[in-house]
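Numbers -19 to -1, 1 to 199, taken from mature numbering (1 follows the signal peptide of the UniProt record, and there is no 0), label the letters of the sequence shown in order. Quick reminder that beta carbons are idealized off the backbone N, C-alpha and C, glycines included. Fair warning: this is a prediction, and the values are worked out from it, not measured in the lab. Worksheet: one structure, shown below.
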Amino acid sequence: MQFLSILTSSFLAIGLTAASTPSSFTPSVEADVGVIFSADGSQLTLTAGTLISQNWTTDAPTLYLEDTTSTDGQYTIIMIDPTINEDGVLTTALHWYQPYLAYSSGVLEISNTSAPSAEYVYPTPLEGPAHDYILLLYSQPEDYSLPVCLESLLPATDAARLGFDLDEFEEVTGLGTPVAANWFQVVNPTPASTTYAITSTLVATYACEATATATASS
């Protein structure tokens, strides 16, 4: 994918709710990033917190900005699922990381196609309760580049993407806090045969720290 269509609300006559993240998620974000999913010739404009069919999410969504979000500079989009319960171990998965998104005449194009990115992986929730999928938009610092120590996150594999530490990623990359956000839910239609209470969390550590192995903590 070479570009994402990004339109301001002045171009689209679409009523949107205020930007939101799940009540349990921090940081809370005030501004919306608009999200449109496309499937089989139809479109779905996302309302924050909506439960949607997995069929809508196969392809990366189109994003657009509200008038309250600056169209200057460059942006980075990150999509995560922080609600994965692996047999009682709570962890977060990275679903999408795309830097160097530049707004121009209503379109946000990837201005540096050679920059490292993590391709979009569509939701495949485990059996059980609905999963939360959160899209976070960041204002990208000048001269931004992904530190080499974080390139292990890029492959589209469970080993690379599970245990994603958003706080550390924001700190190490210098992205800071999001300027806009949105979120949705997807549920696996198959009922869970066993329900596991959360007893621990799994957070990866990266090569930019003393160790680069994933560790579980109570």
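Cut-off 6 Å between Cβ atoms - residues of its own chain near residue i, not counting five sequence neighbours on either side
i	result
Val10	Ala(-1), Thr2, Pro159 and Ala162
Asn93	Tyr81
Pro63	Thr73
Cys130	Tyr187, Ala188 and Cys189
Arg142	Ala74 and Leu75
Ala(-7)	Residue confidence is low: Ala(-7) scores 34 on pLDDT, short of 50, so the model does not pin down where it sits. No coordinate-derived value is stated.
Cα-Cα separation between residue i and residue j, rounded to whole angstroms
i	j	result
Glu123	Leu156	10 Å
Ser126	Thr26	31 Å
Ala83	Tyr177	43 Å
Gly15	Ile115	12 Å
residue 201	Thr175	Residue 201 is absent from the structure shown; the chain starts at -19 and stops at 199.
Pro170	Cys189	39 Å
Ala29	His76	18 Å
Thr52	Thr7	25 Å
Glu132	Gly109	31 Å
Leu134	Glu100	10 Å
Inter-residue CB distance, residue i and residue j (contact presumed, cutoff 8 Å)
i	j	result
Thr43	Ile17	4 Å
Asp139	Val184	In fact, because the Cβ distance is near 15 Å, the residues do not count as touching under 8 Å.
Tyr56	Leu118	6 Å
Residue i burial status per 10 Å Cβ neighbour count (16 or more: buried)
i	result
Ile179	exposed
Asp148	exposed
Thr154	buried
Ser98	buried
Gln121	buried
Asp13	buried
For residue i, the first and last residue of its enclosing beta strand (DSSP E)
i	result
Asp124	Where Asp124 is concerned, there is no enclosing beta strand (DSSP E), given that its DSSP letter is neither H nor E.
Thr182	Ser181 to Val184
Ala12	Note, Ala12: premise wrong, no beta strand (DSSP E); not H, not E.
Own chain residues within Cβ distance below 8 Å of residue i, not counting five before or after
i	result
Val167	Leu32, Ile33, Ser34, Gln35, Thr38, Pro104, Pro106, Ala111, His112 and Tyr114
Tyr96	It is worth fixing the name first, because residue 96 is Ala in this sequence and not Tyr. Hits under 8 Å: Pro80, Tyr81, Ser126 and Leu127.
Host alpha helix (DSSP H) of residue i (start-end)
i	result
Glu67	First-last for Glu67: Gln55 to Glu67, but that is the beta strand (DSSP E), not the alpha helix (DSSP H).
Thr154	Leu147 to Thr154
residue 202	With the chain represented from -19 up to 199, any question about residue 202 goes unanswered, as that position is not in the structure.
Proximal residues to residue i (C-beta, below 7 Å), its chain only, five neighbours per side dropped
i	result
Phe150	Leu131
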